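Each residue of the sequence shown is one higher than the one before, starting from 2 at the first, in the numbering used here.
Beta carbons are placed, not taken as given, at the ideal position from N, Cα and C, and that holds for glycine.
The structure displayed is predicted, hence computed values, not measured ones.
Below is one structure, written out as structure tokens, with a few remarks after it.
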Amino acid sequence: MIAWADWIAGAVLIGSALVGGIFFAFSTFVMGALSQLKDEVAITTMQSINRVVINPWFLGVFMGTAALSLVLIMVTMLDSEGASVGLIASVLCYIVGTFMVTIFANVPLNNRLASLPADATSSHDYWHHYLKHWTRWNHIRTVAALLCATLILIDGGGHA
2 MIAWADWIAG AVLIGSALVG GIFFAFSTFV MGALSQLKDE VAITTMQSIN
52 RVVINPWFLG VFMGTAALSL VLIMVTMLDS EGASVGLIAS VLCYIVGTFM
102 VTIFANVPLN NRLASLPADA TSSHDYWHHY LKHWTRWNHI RTVAALLCAT
152 LILIDGGGHA
């Protein structure tokens, strides 16, 4: 493998572990804590979290890891040995299980929640739907991100 591919693999490992850790926190205690609050407070809090998370630090790691994952596959494909099965699996975990799940499952739920007034009865009904479905999808993206990091670690960044 090209030497700088090791640096890219390391960045993907760290990025996916960071993202997985963030999502793990939501799956294991943040959403549970929100579920214990009055619906109006929980809705307002989650709306605030969803606004604040759109920042260069989080998006840099979240989207940067996706981009670097794709670069890693391209770089290793240029190597005479090609990309290993473990490396391809790790990238698929992040791209499909973390990035795409976020875009196509969690973000639409977030967008709907953002459009609702926290004190409306219909918002309270949606909150319970949101809490169940958002958390379920979050479990999937948590496992996928951590599996990506684990597979890169086991695979050694694509080395045989």
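| said: Please tell me whether T136 and G21 are closer than 8 Å, where the distance is taken between their beta carbons. | reply: Not closer than 8 Å, so no.
| task | Say whether the region 9 to 18 touches the region 143 to 154, bearing in mind that this needs 3 or more beta-carbon pairs closer than 8 Å, one atom from each stretch. | result | Under the three-pair Cβ rule at 8 Å, the region 9 to 18 counts as touching the region 143 to 154.
| Three-state class that DSSP yields for A4 in the structure shown | Shown here, A4 sits in a helix according to DSSP, grouped into three states.
| query | In terms of residues, what are the limits of the alpha helix (DSSP H) holding D126? | reply | It spans T122 to D156 - the alpha helix (DSSP H) in which D126 sits, taken as one unbroken run.
| query | CB T66 to CB V13, shorter than 8 Å? | reply | Yes.
| field | Straight-line gap, T122 to F105 (C-alpha atoms, nearest Å) | value | Straight-line measurement puts the Cα of F105 at about 26 Å from the Cα of T122.
| field | DSSP three-state assignment for P118, whether helix, strand or coil | value | Coil.
| Would you call the CB atoms of Y131 and L154 closer than 8 Å? | In this structure, L154 does not lie closer than 8 Å to Y131 by Cβ.
| Nearest candidate by alpha-carbon position, reference F63, set F24, A4 and S91 | With distances taken between Cα atoms, F63 lies closest to F24.
| Cβ separation of T77 and L88, assumed to be a contact under 8 Å, to the nearest whole Å | Taking 8 Å as the upper bound for CB-CB distance, T77 and L88 are in contact here, some 6 Å apart.
| A115 versus G61: straight-line alpha-carbon distance, rounded | One C-alpha to the other measures close to 22 Å.
| field | Pairwise C-alpha distance: W58 and A10 | value | Distance between the alpha carbons of A10 and W58: 20 Å.
| task | Quick one: residues in its chain with C-beta nearer than 8 Å to the C-beta of D48, no 5 flanking neighbours on either side, listed in chain order? | result | Going by the sequence as given, residue 48 is Gln instead of Asp. Excluding the 5 residues flanking it on each side, Q48 has same chain C-beta neighbours closer than 8 Å at L114, A115 and A119, in chain order.
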